[in-house]
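*Asks:* Handing you this structure, nothing more for now.
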Amino acid sequence: MRIDDEMLDKLGTYFVYHNVYEKYGITFESFVERWRKGILVI
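The numbering used here puts the sequence shown at residues 2 to 43.
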């Protein structure tokens, strides 16, 4: 499943702004995969 470039950009902005890696120790790829599967709700 391909994610729209605009959505990927928004997820990236959220990831950086909220320091997701620093707080939760998950990579951006893992963050996107969790969002795609519905495990992560933002």
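Backbone N, C-alpha and C define an ideal beta-carbon position, used for all residues, glycine too.
Among the candidates Y25, V33 and G26, whose CA atom is the shortest distance from the CA of T14?
*Replies:* By one-based count along the sequence shown, residue 14 stands at place 13. Nearest option by C-alpha distance: V33.
*Asks:* S31 to V17, Cα distance in whole Å?
*Replies:* Position 30 of the sequence shown holds residue 31. Position 16 of the sequence shown holds residue 17. Each residue's Cα considered, the two are about 14 Å apart.
*Asks:* Which of the three DSSP states, helix, strand or coil, is assigned to G26?
*Replies:* What you label residue 26 is simply residue 25 of the sequence shown in a count that begins at 1. DSSP places G26 in coil when its eight states are reduced to three.
*Asks:* Taking the alpha carbon of D10 as the point to measure from, which residue in K24, Y25, F29 and E23 has its own alpha carbon closest?
*Replies:* For the purposes of this step, residue 10 is taken as residue 9 along the sequence shown, with counting starting at 1. Nearest C-alpha to D10: F29.
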